[in-house]
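Structure first, commentary second.
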Amino acid sequence: MPFSDSYARPIEYLRVSVTDRCNLRCRYCMPEEGIQPIAHDTVLRYEEIVRIVRVAVSMGLIHVRLTGGEPLVRRGIVDLVAQLAAIPGLEDLSMTTNGMWLERYAGELAQAGLGRINLSLDTLRSERFHDITRLGNLEQVLRGREAALKAGLRPVKVNTVVVRGMNDDEIVDLARLTLLPDWHVRFIEIMPLGTGEHWTENGVVTVAEIRARVEAGLGSLVSVPNETGVGPARYYQLPGAAGTLGFISPVSEHFCHACNRLRLTSDGHLLPCLMSNHSIDLRTPLRAGASDAELQIIFERAILAKPRGHHLAEHQLPECLLPMSTIGG
Ligand code: SAM
Ligand code: SF4
Numbered sequence: 185m186p187f188s189d190s191y192a193r194p195i196e197y198l199r200v201s202v203t204d205r206c207n208l209r210c211r212y213c214m215p216e217e218g219i220q221p222i223a224h225d226t227v228l229r230y231e232e233i234v235r236i237v238r239v240a241v242s243m244g245l246i247h248v249r250l251t252g253g254e255p256l257v258r259r260g261i262v263d264l265v266a267q268l269a270a271i272p273g274l275e276d277l278s279m280t281t282n283g284m285w286l287e288r289y290a291g292e293l294a295q296a297g298l299g300r301i302n303l304s305l306d307t308l309r310s311e312r313f314h315d316i317t318r319l320g321n322l323e324q325v326l327r328g329r330e331a332a333l334k335a336g337l338r339p340v341k342v343n344t345v346v347v348r349g350m351n352d353d354e355i356v357d358l359a360r361l362t363l364l365p366d367w368h369v370r371f372i373e374i375m376p377l378g379t380g381e382h383w384t385e386n387g388v389v390t391v392a393e394i395r396a397r398v399e400a401g402l403g404s405l406v407s408v409p410n411e412t413g414v415g416p417a418r419y420y421q422l423p424g425a426a427g428t429l430g431f432i433s434p435v436s437e438h439f440c441h442a443c444n445r446l447r448l449t450s451d452g453h454l455l456p457c458l459m460s461n462h463s464i465d466l467r468t469p470l471r472a473g474a475s476d477a478e479l480q481i482i483f484e485r486a487i488l489a490k491p492r493g494h495h496l497a498e499h500q501l502p503e504c505l506l507p508m509s510t511i512g513g
């Protein structure tokens with residue numbers, strides 16, 4: 185049984201940031217020069233991550249997603265996946281990646297026990313892709329996606345952050361992909377986090393607008409159940425489509441009432457809420473020799489510290505100042 189927070193929400197999902205480093209510099213996430221990396225000795229070692237996840241699983245956090253920064257840039261990531269996949273009780277192990285190195289790793293990741301992949305992809309145009317990510321190569325990412333599917337990392341869900349003036353003219357093209365086999369696309373409202381180059385209120389395209397634009401271009405959407413996800417997206421299908429379309433609206437439509445997650449930063453802090461700077465240090469007690477029972481108590485504290493919700497829709501910016509690449513999205 186998962187542990188519930190103060191608002192009776194069962195907490196069963198842990199997002200683990202394995203690094204704050206990244207091989208891309210997406211404009212809405214990082215400055216061109218990158219961010220000051222956190223000190224090497226404060227980054228959790230793999231055996232520490234495995235111990236923390238083991239404790240988390242014992243408390244009912246049975247869905248784990250690896251993220252970053254870019255998880256595939258951390259050396260030995262396949263070993264970490266194998267060690268995590270072997271934890272009894274862990275039901276679901278997934279990864280969010282920019283896909284740049286997926287072609288190289290997909291087979292090994294699948295063999296090591298990774299279940300599925302979320303792929304971040306904001307455009308289908310090569311030049312624009314390079315412009316948004318500053319260092320990325322669209323063709324390489326698309327080959328990575330094919331490699332993931334071939335390796336059995338299914339479903340591959342594409343995450344698209346929509347920003348007005350950046351890629352909102354591609355909403356219909358991206359949605360149309362779900363008519364093809366193995367394409368699932370989730371549109372995400374830009375959040376006021378990261379370096380915020382594109383963040384202004386005008387940059388936000390609400391999910392209501394995205395949805396209206398999809399329906400105007402491609403027909404009415406039918407609501408479908410969320411079969412593989414444990415996140416906040418609502419899922420729909422276009423007429424005749426095999427793939428699903430999801431909408432994630434952190435800003436305009438609160439999903440806080442259904443929040444089921446905690447985040448672990450790469451330097452070992454638990455974050456009860458993405459939109460708050462409240463963090464709970466797990467690394468210091470862990471390195472001081474805390475027992476599993478003591479670590480469980482820290483997890484309980486983090487779960488009980490989850491706020492009821494945030495107030496972005498009322499134009500209150502969060503207190504959270506951590507970059508998205510540190511939090512892990
Ligand atoms: N590097 C990996 C990637 O891009 O998939 C994992 C980490 S990245 C921080 C996780 C997700 O956060 C990506 O899908 C990215 O598009 C999204 N993201 C980054 N900054 C964001 C922002 N300000 N608002 C909404 N989503 C954001
Ligand atoms: Fe890197 Fe992901 Fe941030 Fe892009 S969104 S800069 S790929 S961490």
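So in the working numbering, spot 310 of the sequence shown is number 494, and the numbers just go up one at a time. Yeah, the Cβ is synthetic: ideal placement off N, Cα and C, and Gly gets one too.
One or two residues paired with residue i in a DSSP bridge
i, result
"Met-279", "Leu-250, Ile-301"
"Phe-431", "Phe-371, Arg-418"
"Val-408", "Tyr-419"
"Leu-466", "Bridge partners of Leu-466: none, in fact."
"Arg-447", "Arg-199, Leu-455"
Check whether residue i and residue j have beta carbons under 9 Å apart
i, j, result
"Glu-216", "Arg-209", "yes"
"Ser-253", "Glu-196", "According to the sequence displayed, residue 253 carries Gly and not Ser. Result no, Cβ atoms of Gly-253 and Glu-196 do not sit closer than 9 Å."
"Val-342", "Arg-329", "yes"
"Asn-444", "Pro-255", "no"
"Gly-415", "Gln-421", "no"
"Phe-371", "Val-346", "yes"
"Leu-308", "Glu-275", "no"
"Leu-448", "Leu-458", "no"
"Ile-261", "Tyr-289", "yes"
"Asn-321", "Met-284", "yes"
"Leu-298", "Ala-331", "no"
"Leu-198", "Arg-249", "yes"
"His-441", "Tyr-212", "no"
Exposure of residue i, with buried meaning 16 or more beta-carbon neighbours within 10 Å
i, result
"Ile-481", "exposed"
"Asn-282", "buried"
"Ser-310", "exposed"
"Pro-434", "buried"
"Pro-339", "buried"
"Cys-504", "Because Cys-504 sits at a pLDDT of 47, beneath the cut-off of 50, its placement in the model cannot be relied upon, and the point is left open."
"Ala-392", "exposed"
"His-516", "No answer is possible for residue 516: the residues shown for the chain start at 185 and end at 513."
"Gly-430", "buried"
Return the chain-ordered ranges of every alpha helix (DSSP H) run that is complete within the stretch 290-358 and spans a minimum of 4 residues.
-> Counting only runs that start and end inside the stretch 290-358, the alpha helix (DSSP H) elements of at least 4 residues fall at 310-317, 322-334.
So within the stretch 188-217, which uninterrupted beta strand (DSSP E) runs reach at least 3 residues, ignoring any that extend past its ends?
Listed in chain order, they are 197-201.
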